[in-house]
Amino acid sequence: MGEFSGIDPAALKKMITSFDSDRQGLRDFATCYKGEFESAGLDSDALSSLLTICGWMDDESPKLKRRENLAAAMAAGDGPGTPMVQIPEPVTETSAQTNGKKLAQQFNANNGGDSKAGDQYHALAQELLAHQDDPDFCSAFYANLTPAEATTLPTLLASTGSSTAGNDLMVYSHALGTATKAGFPAPGFDKVVSYYTSPLPKGSTSVAWNRAAMLQYGTFPTDFLVKTTRANGLDQFAKDPDQNFSSDPYDSADILGLPKDVVALDLKALSPNEAATQQALAGMGQDPGKTDLNGNLKSLAASAGSQHDPDLTAAFQNTLMAGSGDRSTPGPYGSYYAPLLHTGPETTFATAAMSALSGSHAQQSDYQDFITTTFTTFGRPADATPQQAGNQAATLLRLTETADPNWPATRPAIQSVAAQAKASKDDLDFMKGYYGNGAADLESNLALELHAMDGTHDGTVLSPDSTKILGEFGDNLASATHLNAAGKLPEFDAKTFTEPHDMWSASMLVKYGPSGDKWDHTFLTNMGDAALHWRADQKDNLRPGYVPGNFSMGTVDSWADPSRSPWYKELGLHEDNFTMNIAEQRDIAQGISANDPSLAVMSKLGENPQASRDLLSGGDGRFAADQLVNDNWQTPGVSDDSKFTAQVLLAATRPNGLKGDELAKASTAAANVFQGALDNGDSAANRSAGIKEQYPQLPDQLAEGLAQVAAIYVPDLAQSMNDNAAAKPDPKDLRFTSSIDPTTGLPLITTDYKAIDQLMHQFMPDPRAAGLFEGGMDGYMATAAENQKANPTAAGDTLRQLAMLDGQMQNVREDMQYTPAAKKDEQANKAAMWTWVAGGVLGTVVPGGEEGAVVSNAILQTMSTSIAGTTAWGSYQFPTGNADKVTSQAQADQDTEMRRLEVPIVQGLISSGQVRTPPDSDWIHDGKLDPAAITQDPNGFNTWWTENAKAGTPALDLFGQAKNGYNDATSQRAANSDGAQDGH
Numbered sequence: 001m002g003e004f005s006g007i008d009p010a011a012l013k014k015m016i017t018s019f020d021s022d023r024q025g026l027r028d029f030a031t032c033y034k035g036e037f038e039s040a041g042l043d044s045d046a047l048s049s050l051l052t053i054c055g056w057m058d059d060e061s062p063k064l065k066r067r068e069n070l071a072a073a074m075a076a077g078d079g080p081g082t083p084m085v086q087i088p089e090p091v092t093e094t095s096a097q098t099n100g101k102k103l104a105q106q107f108n109a110n111n112g113g114d115s116k117a118g119d120q121y122h123a124l125a126q127e128l129l130a131h132q133d134d135p136d137f138c139s140a141f142y143a144n145l146t147p148a149e150a151t152t153l154p155t156l157l158a159s160t161g162s163s164t165a166g167n168d169l170m171v172y173s174h175a176l177g178t179a180t181k182a183g184f185p186a187p188g189f190d191k192v193v194s195y196y197t198s199p200l201p202k203g204s205t206s207v208a209w210n211r212a213a214m215l216q217y218g219t220f221p222t223d224f225l226v227k228t229t230r231a232n233g234l235d236q237f238a239k240d241p242d243q244n245f246s247s248d249p250y251d252s253a254d255i256l257g258l259p260k261d262v263v264a265l266d267l268k269a270l271s272p273n274e275a276a277t278q279q280a281l282a283g284m285g286q287d288p289g290k291t292d293l294n295g296n297l298k299s300l301a302a303s304a305g306s307q308h309d310p311d312l313t314a315a316f317q318n319t320l321m322a323g324s325g326d327r328s329t330p331g332p333y334g335s336y337y338a339p340l341l342h343t344g345p346e347t348t349f350a351t352a353a354m355s356a357l358s359g360s361h362a363q364q365s366d367y368q369d370f371i372t373t374t375f376t377t378f379g380r381p382a383d384a385t386p387q388q389a390g391n392q393a394a395t396l397l398r399l400t401e402t403a404d405p406n407w408p409a410t411r412p413a414i415q416s417v418a419a420q421a422k423a424s425k426d427d428l429d430f431m432k433g434y435y436g437n438g439a440a441d442l443e444s445n446l447a448l449e450l451h452a453m454d455g456t457h458d459g460t461v462l463s464p465d466s467t468k469i470l471g472e473f474g475d476n477l478a479s480a481t482h483l484n485a486a487g488k489l490p491e492f493d494a495k496t497f498t499e500p501h502d503m504w505s506a507s508m509l510v511k512y513g514p515s516g517d518k519w520d521h522t523f524l525t526n527m528g529d530a531a532l533h534w535r536a537d538q539k540d541n542l543r544p545g546y547v548p549g550n551f552s553m554g555t556v557d558s559w560a561d562p563s564r565s566p567w568y569k570e571l572g573l574h575e576d577n578f579t580m581n582i583a584e585q586r587d588i589a590q591g592i593s594a595n596d597p598s599l600a601v602m603s604k605l606g607e608n609p610q611a612s613r614d615l616l617s618g619g620d621g622r623f624a625a626d627q628l629v630n631d632n633w634q635t636p637g638v639s640d641d642s643k644f645t646a647q648v649l650l651a652a653t654r655p656n657g658l659k660g661d662e663l664a665k666a667s668t669a670a671a672n673v674f675q676g677a678l679d680n681g682d683s684a685a686n687r688s689a690g691i692k693e694q695y696p697q698l699p700d701q702l703a704e705g706l707a708q709v710a711a712i713y714v715p716d717l718a719q720s721m722n723d724n725a726a727a728k729p730d731p732k733d734l735r736f737t738s739s740i741d742p743t744t745g746l747p748l749i750t751t752d753y754k755a756i757d758q759l760m761h762q763f764m765p766d767p768r769a770a771g772l773f774e775g776g777m778d779g780y781m782a783t784a785a786e787n788q789k790a791n792p793t794a795a796g797d798t799l800r801q802l803a804m805l806d807g808q809m810q811n812v813r814e815d816m817q818y819t820p821a822a823k824k825d826e827q828a829n830k831a832a833m834w835t836w837v838a839g840g841v842l843g844t845v846v847p848g849g850e851e852g853a854v855v856s857n858a859i860l861q862t863m864s865t866s867i868a869g870t871t872a873w874g875s876y877q878f879p880t881g882n883a884d885k886v887t888s889q890a891q892a893d894q895d896t897e898m899r900r901l902e903v904p905i906v907q908g909l910i911s912s913g914q915v916r917t918p919p920d921s922d923w924i925h926d927g928k929l930d931p932a933a934i935t936q937d938p939n940g941f942n943t944w945w946t947e948n949a950k951a952g953t954p955a956l957d958l959f960g961q962a963k964n965g966y967n968d969a970t971s972q973r974a975a976n977s978d979g980a981q982d983g984h
């Protein structure tokens, strides 16, 4: 007996099914991890070997199927109960090809074109069905058809009018797919391949339609499918998408149940094959080796949208899902879509697909399956490593940003990434995958996308849900800044935010992110510098102009945009005093303030002392100070916007607990702040009348912040009032400088009294700011008096200098116009500052000694609590322009009596035990004087002073020193009648 194959058809079929499933699973696994290895720079040779094995399995599968079909056919004649079939092996291939050739000859002879011919085509299809998975039989069948019948077979079937034509085509198409996979096809089959893969001339839609129809039901090799669909119309479409690709020879499309559009048929043929879809749609219309996936998908999306052909739209959607790797997952109750680990080509394709649909303004309803499925499968896979999860999270974010923001599925997809980003902010591997895949660029543009979803309503440009999303991404970003600063996350590029494409969008992540202390200080410093440069670039376009109403003239408050297109118009914020009422205009103005990028960044910068200090003491420190100490931190007619700016000033200059270089930075920052105040005054002289009306002086919260910084550095300013102070800087350039005092080894700010006069003119128009500064001076006077016993000379000198500074303040007060109510504000803040001081916050130190910084620290420790919105801030707003200007008669004469310097002196002496503590009364409680009560009724205090401040006592000695200093300052003012140089 010769050689034979003993085959159990049922067992072999079961084995082949398992073989094919495992083959595909192995390919998916190897392809996925090969891409991941390569993107991570790892060796992928072993995975390439697995893919080679998959190729061998591809070749073996048709051979196995041929044997299974032959065995099944032979077993049919043996009757039941015959599990094993003997197939003479030398006869197998020859017999199959011979039989396939015979069937082709019968097909060629059937050319009647009527119902009888249709019945014959059906009979032939049934015979072919028995061999449809035998590559030898099928390749011989097609190799022996005439060229016309091999390429126009669908039309031949339809022309007979047979009711079975559609089902018969399924068999013939399936057999063609089997033939193309033959390892050793029958002689002549190469010509059939050439028929299908040869490009057609323009206008050959009938031939193209027949070719495409033959591709609908078979499984074809990737290369064959790519070449055929490109040659069959896709290349022509890419070059000229406006030509007509519709064809229906002999009503074939309707009879066979197929689309009339050739492009739709080509896309349907591609969609079962992911690789073929990716290659064909990228390469169509391009020279060898070149691709244009984005352009081709955009053309296809536009064509589908303009033609309103449901067949074309459906076919296009299926190819989008195929190219994106949107595979279903089998489950116990059927298949479903779940997150999958996607390859690089799938990611590229999906991104281009989303962009194409969005760019063509496609409706989600037309592409529901693709959009929702893609967002789902690009979620976090259960079996992904943290780095893979981070990488795919960035991909999903990219998909949402290329998608149409109006699609209902877009926001939930963003929310899912936001939740991942927040939850994984401390997972270094996730962060590496996330930022390594470009998450920084995506995050920096996120606010723009969310705004596109939300629109602008009553001055609001981001919904509460959008700000929540930005907050979650902000949490992740803040963590990334620390990891990057520690050298653990080089994948993060901070310049994406510090040199952003869009300052508003980047700043919203900071605004809605965590508090300032949660960010890396260098990142916040650079963000602050970028925001201030952005602000400077806006010039006079920061805010709309404000015109107050005039009741007598019958006009109301109104706002108008500047002549140049302002930054906020891009957010849908636009003032129109012709069509909007006052409330609507005010909403817009408030919206502009709420979305100012510089305010957004300052709100967090002020919560990070190190970042604030580095900003104001660094190489760009003077520029930063000039921007921060500026009259324009307000929205005319609406709000004082300077609270966060004031916080930055205090955070930068606060010396609490600082030593060495950091203490020097705080001093340098303060010098720059003071210089910025002078520069602001100088620049005011060059402003137009209109700008001066909009921004007449520092807004109150900023003035009060500046006053508190000045209060911190009262000893430095006081020393510069002394005739023996350090050499004065050039008055045309830097008037305030910081350097190391050779005596103490501590930083010291030096200036001149005229510069101090100008500085005071910047903050003293706000009476509450004046009160803060005055209360601070009283605190230092009390401290000096408290240390009189330890060092009488130093205490006396210090009191004289402080009193000179106090006298200078009284000089400046002559230029102010305070209403009675404003004077009460001044006294209230002075009393508040005094309460902090007298409450024991000052240590017992020698002014001018090494511990002098402790005094500043202690004062600031309590003063800075006001920045949180308590006594110093409250809800006080700056009267912008005209409506609420001070109306009382200006105070014409300086007070005829010297301010009662006795009070802080006595407090210091009481605290140090140098004088007997008076019993409690209406002006003293538990050893703490009550300046407000003394001012209201000075008799009790005056009596005590007369009885205890006699000649030779510390009280009278110190008062004499202070009086001399005060008189020196006032006489200096009289000798320099040129007065203040406030610039306003």
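Numbered per UniProt numbering, the sequence shown spans residues 1 to 984.
Ideal placement from N, C-alpha and C gives every residue a C-beta, glycine not left out.
Note that this is a predicted model, so its numbers are computed, not measured.
What do you get for MET284, buried or exposed, if any count of 16 or more other CB atoms within 10 angstroms of its CB means buried?
Walking along the sequence shown from the start, residue 284 turns up at place 284. So MET284 counts as buried.
ASN577: which of VAL629, GLN590, PRO544, LYS569 sits nearest, CA to CA?
Position 577 of the sequence shown, counted from the start, is the residue given in the question as residue 577. When only C-alpha atoms are compared, the closest one is PRO544.
In whole angstroms, what separates the C-alpha of SER44 from that of PHE37?
In the sequence shown, residue 44 corresponds to position 44, counting from 1. In the sequence shown, residue 37 corresponds to position 37, counting from 1. In this structure, the alpha-carbon of SER44 lies about 6 Å from that of PHE37.
Cα-Cα, which of ILE740, SER639, ASN144, GLY776 is closest to SER593?
Residue numbering aside, residue 593 sits at position 593 when the sequence shown is read from its first letter. The candidate whose alpha carbon is nearest that of SER593 is SER639.
On a CA-only basis, which of PHE763, LEU678, SER667 is nearest PRO747? Give me that one, please.
Here residue 747 refers to the residue found at position 747 when the sequence shown is read from its first residue. When each option's Cα is compared against that of PRO747, the closest is SER667.
How big is the Cα-Cα spacing for GLU401 and ASP20?
Your numbering for residue 401 matches position 401 in the sequence shown. Your numbering for residue 20 matches position 20 in the sequence shown. The straight-line gap from Cα to Cα measures roughly 38 Å.
Look at ALA447 and SER360 and say whether their C-beta atoms are less than 8 Å apart.
Here residue 447 corresponds to residue number 447 of the sequence shown, with the count starting at 1. Here residue 360 corresponds to residue number 360 of the sequence shown, with the count starting at 1. Taking 8 Å as the Cβ cut-off, ALA447 and SER360 do not qualify as a contacting pair.
Closest to PRO288 by C-alpha separation, out of ASP240, ARG916, VAL226, SER271, would be which residue?
Taking the first residue of the sequence shown as position 1, residue 288 is located at position 288. It is VAL226 whose Cα lies nearest to the Cα of PRO288.
Going residue by residue through the region 119-143, where are the continuous alpha helix (DSSP H) segments of at least 4 residues, counting only ones entirely within it?
135-143
Going straight from the alpha carbon of HIS342 to that of GLY572, what length do you get?
Within the sequence shown, residue 342 is the residue found at index 342, counting from 1. Within the sequence shown, residue 572 is the residue found at index 572, counting from 1. Rounded to the nearest whole angstrom, the CA to CA distance from HIS342 to GLY572 is 38 Å.
Taking contact to mean at least 3 C-beta pairs separated by less than 8 Å, is the region 173-186 in contact with the region 134-146?
The region 173-186 makes contact with the region 134-146; the number of CB pairs closer than 8 Å reaches 3 or more.
Using the Cα positions of GLN627 and SER479, report the straight-line distance between them to the nearest angstrom.
Within the sequence shown, the letter at position 627 stands for residue 627. Within the sequence shown, the letter at position 479 stands for residue 479. Taking the straight line from one Cα to the other gives about 29 Å.
How should HIS308 be labelled, buried or exposed, when 16 other C-beta atoms within 10 angstroms of its C-beta is the threshold for buried?
Position 308 of the sequence shown holds residue 308. Exposed, because fewer than 16 other Cβ atoms sit within 10 Å of the Cβ of HIS308.
Under the rule that 16 or more other beta-carbon atoms within 10 Å means buried, what is GLN24, buried or exposed?
Locating residue 24 in the sequence shown gives position 24, where the first residue counts as 1. Exposed.
Looking at the structure shown, is ALA186 part of a helix, part of a strand, or coil, going by DSSP?
In the sequence shown, residue 186 corresponds to position 186, counting from 1. ALA186: coil per DSSP, three-state reduction.
Please determine, among LEU678, GLU693, SER563, ASN595, the residue with the shortest C-alpha to C-alpha distance to GLY637.
On the sequence shown, residue 637 is found 637 positions in, with the first residue counted as 1. That would be GLU693, whose Cα lies nearest to the Cα of GLY637.
Let me know if LEU605 comes out buried or exposed under the rule of 16 or more other beta-carbons within 10 Å of its beta-carbon.
The residue given as residue 605 occupies position 605 in the sequence shown. Around the beta-carbon of LEU605, 16 or more other beta-carbon atoms lie within 10 Å, marking it buried.
Going by C-alpha to C-alpha distance, which of ASN232, ALA238, LYS239 sits closest to SER247?
Taking the first residue of the sequence shown as position 1, residue 247 is located at position 247. Out of ASN232, ALA238, LYS239, ASN232 has the C-alpha closest to the C-alpha of SER247.
What are the start and end residues of each continuous alpha helix (DSSP H) run of 4 or more residues lying completely inside the region 182-249, in chain order?
189-197, 205-213, 222-229, 235-239
How would you call THR887, buried or exposed, if buried means at least 16 neighbouring beta carbons within 10 angstroms?
Your numbering for residue 887 matches position 887 in the sequence shown. Any answer about THR887 is weak, because its pLDDT of 29 lies below 50 and its placement is not dependable; what the coordinates show is given next. So THR887 counts as exposed.
Please report how far the alpha carbon of THR222 lies from the alpha carbon of ASN476, in whole angstroms.
The count along the sequence shown starts at 1 and reaches residue 222 at position 222. The count along the sequence shown starts at 1 and reaches residue 476 at position 476. Spanning the two alpha carbons is a distance of roughly 42 Å.
So, for ILE910: in the same chain, excluding its five sequence neighbours on each side, which residues have a beta-carbon less than 6 Å away from its beta-carbon?
For this step, residue 910 is matched to residue 910 along the sequence shown. In chain order, THR917, GLY927 place their CB closer than 6 Å to the CB of ILE910, counting only its own chain and leaving out the 5 sequence neighbours on each side.
So GLY545 is in the alpha helix (DSSP H); what residue range does that whole segment cover?
Within the sequence shown, the letter at position 545 stands for residue 545. Segment 545-547 is the beta strand (DSSP E) holding GLY545; no alpha helix (DSSP H) there.
Taking 6 Å as the limit between beta carbons, can you name the residues of its chain near PRO765, skipping five residues before and five after?
Translated into the one-based positions of the sequence shown, residue 765 becomes position 765. Contacts found: GLN697.
Restricting to runs no shorter than 4 residues, where is the alpha helix (DSSP H) found entirely within the region 764-793?
Runs found: 767-786.
Have a look at SER565, ALA264, THR329, SER335 and flag the residue whose alpha-carbon is nearest the alpha-carbon of GLN317.
The residue given as residue 317 occupies position 317 in the sequence shown. Selected option, being the one with the closest Cα: ALA264.
Output the distance between the C-alpha atoms of THR229 and THR98, rounded to the nearest integer angstrom.
Locating residue 229 in the sequence shown gives position 229, where the first residue counts as 1. Locating residue 98 in the sequence shown gives position 98, where the first residue counts as 1. Taking the straight line from one Cα to the other gives about 31 Å.
Please confirm whether GLY776 and GLY965 have their CB atoms less than 8 Å apart.
Locating residue 776 in the sequence shown gives position 776, where the first residue counts as 1. Locating residue 965 in the sequence shown gives position 965, where the first residue counts as 1. Result no, Cβ atoms of GLY776 and GLY965 do not sit closer than 8 Å.
Along the chain, where does the alpha helix (DSSP H) containing LEU748 start, and where does it finish?
Locating residue 748 in the sequence shown gives position 748, where the first residue counts as 1. LEU748 -> not in any alpha helix (DSSP H); beta strand (DSSP E) instead, spanning 747-750.
Does TRP504 come out as helix, strand or coil in the three-state DSSP assignment?
Reading the sequence shown from its first residue, position 504 is the one you call residue 504. Looking at TRP504 - three-state DSSP - the assignment turns out to be helix.
Opposite TYR336 in the DSSP bridges: which residues?
If you number the sequence shown from 1, residue 336 lands on position 336. THR329, per the DSSP bridge assignment.
Since ILE924 and LEU958 should fall inside the 8 Å C-beta cutoff, what is the C-beta to C-beta distance between them, to a whole number of angstroms?
Looking up residue 924 in the sequence shown gives position 924. Looking up residue 958 in the sequence shown gives position 958. No, ILE924 and LEU958 are not in contact; Cβ-Cβ is about 18 Å, not under 8 Å.
May I ask you to report which of helix, strand or coil DSSP gives TRP407?
For the purposes of this step, residue 407 is identified with residue 407 of the sequence shown, where counting begins at 1. Looking at TRP407 - three-state DSSP - the assignment turns out to be coil, as it is neither helix nor strand.
Distance, Cα to Cα, ALA718 vs ILE712?
Residue mapping note: residue 718 aligns to position 718 of the sequence shown, counting from 1. Residue mapping note: residue 712 aligns to position 712 of the sequence shown, counting from 1. Near 11 Å, if we compare the C-alpha coordinates of ILE712 and ALA718.
How should LEU42 be labelled, buried or exposed, when 16 other C-beta atoms within 10 angstroms of its C-beta is the threshold for buried?
Numbered from 1 along the sequence shown, position 42 holds the residue referred to as residue 42. Classification of LEU42: exposed, given that the 10 Å Cβ count is below 16.
Have a look at THR819 and LYS665 and give me their C-alpha separation to the nearest angstrom.
The count along the sequence shown starts at 1 and reaches residue 819 at position 819. The count along the sequence shown starts at 1 and reaches residue 665 at position 665. Approximately 39 Å between the Cα atoms of the pair.
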